[in-house]
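Step one of this worksheet: look at the structure below.
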Ligand code: SF4
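Residue numbers (the numbering used here), protein chains in the order written: chain Z, -19 to 270; chain W, 900 to 1239.
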């Protein structure tokens, strides 16, 4: 699941268009646009709004927290002349002028995007201060990070900024221009999202086999009349035995091997808990041997 | 380019990012490391824990694109060795951690359960470690393990720590240092005299274990080659068959490995051998299991006195099988076993 957060409707518009998101009326406190596996929230401007919007969205997806990727995206300025107008950068460090400690998203995936230190301010800066010389400045990234980092791991967070008012151009760009800027850069983001989830996709066949194993486990627990503790122990043994066979065989072969071991137990005569425990011990030894 | 092509590696290469504590930025070693990594992104930080100790990090993902954190270590610099490790009869067995974490990614490594991050912390103030050891030496002899929770020699081309410790200890008769490795980075020993109190140890595993569980580490053949080279230089070598792992075909795999190792090595070239089956403090197990889900992490270990290990019968079977096979090549007094 990918969550995206923007501060303003102006920033959100091209993203909604790019990813074909639909207004989601099930969210009451903030405007949210979504489709399967993706949701975008418009937080409103300012650190406080950024922080509370991300908490709000994350609480809705609490059950999927380990499989989330959360992206904060929006326009930003910079006094660093090495950044071009329209360039997308990703933050490797997010700080605020309030001097609190920083946040460091993990940048593990290859990308051609430049990286930057992002400094969140309260207002548009009137002069260059030492902490802004090489940085990119915005309003909401720090507030967003404060909340996102308290729920997610650093590999699940991306802060992406598009330079819209570099030093040379004193005035922010008109909105039609920023719309184009954002839209044109979204394929980079799309690519990063795909790369992030590649790891997970490669585990799909294993996930299916987990479902099969859970079925076997359920049958065994019922048949052997196992207590809660033994049921947990059995699950561990089954899962390890599956992996041990996987060491040599394919996923399907390995499942068959475990199935074969289990089959005999399922046909054993178990009339009492005591008999169940005896059969369970025999099965456990079998699962641990090769 | 097909984004779904699983053969393509989408992760940044090793050390693509270097985090530097402000205090560490001007140390000579920092400058040396940065010079050898000109392509890396540099990120300044206040304290190494700001990055290393973040919550909910993914050890597994980070190991695929391991980054460096350069920092200044504060007191203490030396620690007492754990009873879970062999001390080979030495009193005053200490270890030191000039590096946190390891450049290799062994699936069974206890570090996965111990440290919160897959990144590598390098303490660049090695002179402070030397001063601390010197203070201990004023009071008693020291046996110092340098690669207790890392593989220091694997990083020799980048850091040169092996060579620095070599010369620091060379003329200190009451300091014995131990370098245990899986690497083949022995060049720094080639141009030096033989160090009489440097114990070199290699951890060896069957090639099938290396392929599956020792990501990034050199092959068995290359390790044996490195052992032969240092023996020719005049060193006696410690061999470590630890941790022994339980997997289908383990018996043959370990026996064949032992035959291969001793093909051409004689027992008097080996100082001693340590054997131990996989074990881990119970407290590390939860984090260890979170970091990966494989044949090792998912084993239903038995927990006794705070240590998670194989059930007694499996542990004995592993240790005794390997021990009795080793006895074909080496006298029993040289074999140290660690039972839980
Ligand atoms: S070489 Fe040793 S310290 Fe390094 S990952 Fe492997 S087991 Fe851990």
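From the three backbone atoms N, C-alpha and C, an ideal C-beta is built for every residue, glycine too.
Close beta carbons around residue i, own chain, < 6 Å, minus the five adjacent residues each side
i, result
"residue 215/Z", "197"
"residue 994/W", "978, 980, 1044, 1047"
"residue 31/Z", "123, 126, 127"
"residue 1011/W", "958, 1187, 1190"
"residue 1202/W", "1181"
"residue 1077/W", "1044, 1098"
"residue 76/Z", "100, 122"
"residue 60/Z", "114"
"residue 1031/W", "976, 977"
Chain-order list of residues whose beta-carbon lies under 7 Å from that of residue i (same chain, five-residue window excluded)
i, result
"residue 1067/W", "1029"
"residue 1135/W", "1168, 1169, 1170"
"residue 150/Z", "In this prediction, residue 150/Z scores a pLDDT of 43, lower than 50, which makes its location untrustworthy; no coordinate-derived value is stated."
"residue -13/Z", "23, 24, 25, 30, 54, 119, 120"
"residue 1106/W", "1118, 1119"
"residue 226/Z", "234"
"residue 1063/W", "1025"
"residue 1226/W", "none"
"residue 1128/W", "1085"
Residue i CB to nearest heavy atom of the ligand SF4 below 7 Å
i, result
"residue 31/Z", "no"
"residue 160/Z", "no"
"residue 17/Z", "no"
"residue 1077/W", "no"
"residue 1010/W", "yes"
"residue 260/Z", "no"
"residue 1113/W", "yes"
"residue 1050/W", "yes"
"residue 1208/W", "no"
"residue 994/W", "no"
"residue 1004/W", "yes"
"residue 1152/W", "no"
"residue 1116/W", "yes"
"residue -14/Z", "no"
"residue 1001/W", "yes"
Residue i Cβ short of 7 Å to the ligand FMN heavy atom set
i, result
"residue 1081/W", "Absence of the ligand FMN is noted for the structure shown, with the ligand SF4 being the only ligands found."
CB of residue i within 8 Å of CB of residue j, strictly
i, j, result
"residue 41/Z", "residue -17/Z", "yes"
"residue 1230/W", "residue 1166/W", "yes"
"residue 1130/W", "residue 1118/W", "no"
"residue 1140/W", "residue 1103/W", "yes"
"residue 84/Z", "residue 94/Z", "no"
"residue 1094/W", "residue 1069/W", "yes"
"residue 1065/W", "residue 1084/W", "no"
"residue 1007/W", "residue 1060/W", "no"
"residue 1042/W", "residue 1009/W", "no"
"residue 63/Z", "residue 173/Z", "no"
"residue 1224/W", "residue 1126/W", "no"
"residue 915/W", "residue 940/W", "yes"
"residue 1221/W", "residue 1143/W", "yes"
Beta bridge counterpart(s) of residue i as assigned by DSSP
i, result
"residue 1180/W", "1206/W"
"residue 1137/W", "1100/W, 1171/W"
"residue 944/W", "920/W"
"residue 1227/W", "Residue 1227/W pairs with nothing; no bridge assigned."
"residue 1079/W", "1100/W"
"residue 1039/W", "In the DSSP output, where bridge partners are listed per residue, residue 1039/W has none listed."
"residue -14/Z", "22/Z"
"residue 1114/W", "1004/W"
"residue 95/Z", "70/Z"
"residue 969/W", "919/W, 1021/W"
Neighbourhood of residue i by C-beta distance below 8 Å, restricted to the same chain and skipping five residues each side
i, result
"residue 1016/W", "950, 951, 952, 953, 956, 958, 961, 1000"
"residue 904/W", "Residue placement at residue 904/W is flagged as unreliable, the pLDDT there being 48, under the threshold of 50; a coordinate-derived value is accordingly withheld."
"residue 1087/W", "1055, 1059, 1061, 1062, 1065"
"residue 132/Z", "38, 45, 48, 50"
8 Å contact criterion, which residue i and residue j should meet: CB distance rounded
i, j, result
"residue 170/Z", "residue -7/Z", "So it is not a contact: roughly 17 Å between Cβ atoms."
"residue 20/Z", "residue -4/Z", "6 Å"
"residue 113/Z", "residue 51/Z", "That pair is no contact at about 27 Å."
"residue 1199/W", "residue 213/Z", "6 Å"
"residue 1003/W", "residue 1116/W", "5 Å"
"residue 1081/W", "residue 1122/W", "6 Å"
"residue 1073/W", "residue 1019/W", "Rounded, the Cβ-Cβ distance is 31 Å, inconsistent with contact."
"residue 10/Z", "residue 33/Z", "5 Å"
"residue 260/Z", "residue 218/Z", "The Cβ separation is near 12 Å, so there is no contact."
"residue 1210/W", "residue 270/Z", "With 8 Å as the limit, residue 1210/W and residue 270/Z do not qualify as a contact, their Cβ atoms being about 15 Å apart."
"residue 966/W", "residue 917/W", "7 Å"
is_contact[residue i, chain A] using C-beta, thresh 8 Å
i, result
"residue 87/Z", "Given the protein chain composition of this structure (Z and W), no chain A is represented."
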